[in-house]
Amino acid sequence: MENDNRPAKIRRSGYARPKVAVDTVLFAACGGRLVSYLVPIIRGPLAGKWAFPGGLVRTGEVLDDAARRELVAATGLADAYLEQLFTFGDPSRDPAAHVVSVAYMALARDPRAVAPKAGEYPPGQWFEVSALPPLAYDHGLMAEYALRRLKGKIEYTNIAYAMLPREFTFAELEELYGAILGRPVDRRNFRRRIMSMGLLARCAGERRGAHRPAALYKFKQQSLQAVEML
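The numbering of the sequence shown is our numbering, which starts it at 1 and goes up by one.
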């Protein structure tokens with residue numbers, strides 16, 4: 001039994017202990033659109049709504065580990081970029097119990113790679129961020145917080161590396177920025193600025209398609225780096 005040094009009056013009052021959960025807003029780029037992954041709620045008072053992957057934190061579990069565990073169970077994406085976002089603690093946010101949720105933001109390179117663990121989560125679905133379905137709890141607020149965080153970080157860090165293939169064309173990089181910012185980038189100025197920063201390395205080979213072959217690039221640093229991109 002843990003040593004409780006609180007005054008006896010407080011110990012006897014029997015404070016109810018809120019549960020702690022983690023929920024993760026997962027973003028990816030698909031066909032020039034920014035999308036987010038949701039799972040359906042199939043039971044209870046919120047059945048029919050959608051939610052971000054998440055669950056309760058286990059006793060003795062580190063928050064980051066809990067978020068990663070739930071994300072992997074829901075999507076199979078063990079190597080997705082993950083960072084803590086914000087804490088949501090409104091006592092009425094969950095109609096079933098007092099649950100405090102620590103929200104995270106995750107980024108996927110390829111939305112097609114999602115593979116939920118059988119029996120742990122129902123199959124989810126990618127939705128365009130600008131057209132999300134009705135969300136449960138306060139997950140609409142989580143989506144807003146996460147989108148603001150991503151828009152900020154795409155401007156002052158190299159976080160785009162976590163949403164692109166290891167090797168990509170410059171057109172794919174431009175498309176990603178446009179999808180996140182919600183507007184096209186100035187292609188000429190964008191290319192000039194990015195190339196002058198020394199963040200990218202030219203790869204061997206080219207991407208062949210209907211048009212002329214496109215050069216392939218990769219980020220020299222595959223980890224978060226503070227740098228003024230725009």
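Even glycine gets a Cβ: it sits at the ideal position worked out from N, Cα and C.
Distance CB(residue i)-CB(residue j) smaller than 7 Å
i             : j              : result
leucine 46    : alanine 146    : no
threonine 169 : alanine 214    : yes
alanine 179   : glycine 32     : yes
glycine 209   : leucine 216    : no
valine 100    : proline 18     : yes
glutamate 155 : methionine 229 : yes
lysine 218    : glutamate 175  : no
Residue from the options with nearest C-alpha to residue i
i             : options                           : result
threonine 157 : Tyr177, Phe170, Gly140 and Leu141 : Tyr177
leucine 181   : Arg149, Glu167 and Arg191         : Arg149
arginine 109  : Arg93, Gln84 and Cys30            : Cys30
glycine 44    : Gly198, Ala96 and Asp79           : Ala96
lysine 220    : Trp126, Gly198 and Ala226         : Gly198
glutamate 128 : Gln225, Ser36 and Gln222          : Ser36
alanine 80    : Tyr161, Trp126 and Arg191         : Tyr161
proline 40    : Asp94, Gln125, Arg207 and Arg93   : Gln125
arginine 183  : Ser130, Arg193, Ser223 and Asp94  : Ser130
serine 196    : Ser223, Val185, Val227 and Gln222 : Val227
Residue i, DSSP secondary structure in three states
i                : result
methionine 105   : strand
glutamine 222    : coil
alanine 121      : For clarity, residue 121 is tyrosine in the given sequence; the question names alanine instead. Residue state, collapsed to three classes: coil.
leucine 147      : helix
aspartate 64     : helix
lysine 153       : helix
serine 92        : coil
proline 184      : coil
tyrosine 217     : strand
phenylalanine 52 : coil
threonine 169    : coil
arginine 17      : coil
glycine 205      : strand
alanine 162      : helix
alanine 115      : coil
alanine 28       : strand
tyrosine 177     : helix
threonine 75     : helix
leucine 141      : helix
arginine 212     : coil
glutamate 228    : coil
arginine 193     : helix
arginine 33      : strand
valine 57        : coil
Assumed close pair residue i, residue j - CB separation to whole angstroms, cut-off 8 Å
i              : j              : result
alanine 103    : leucine 26     : 12 Å between Cβ atoms; not a contact.
glutamate 122  : isoleucine 42  : Note on residue identity: the sequence assigns proline, not glutamate, to residue 122. Confirmed, Cβ separation roughly 6 Å.
aspartate 23   : histidine 139  : 7 Å
tryptophan 50  : leucine 34     : That belief does not hold up - the Cβ atoms of tryptophan 50 and leucine 34 are roughly 17 Å apart, past 8 Å.
leucine 71     : leucine 82     : 7 Å
lysine 153     : isoleucine 159 : 5 Å
methionine 163 : alanine 28     : 7 Å
alanine 16     : histidine 98   : 7 Å
Looking at C-beta atoms only, is the number of pairs between the region 115 to 126 and the region 75 to 87 that lie closer than 8 Å three or more?
-> yes
Determine contact between the region 56 to 73 and the region 88 to 95, defined as no fewer than three beta-carbon pairs at a distance below 8 Å.
-> no
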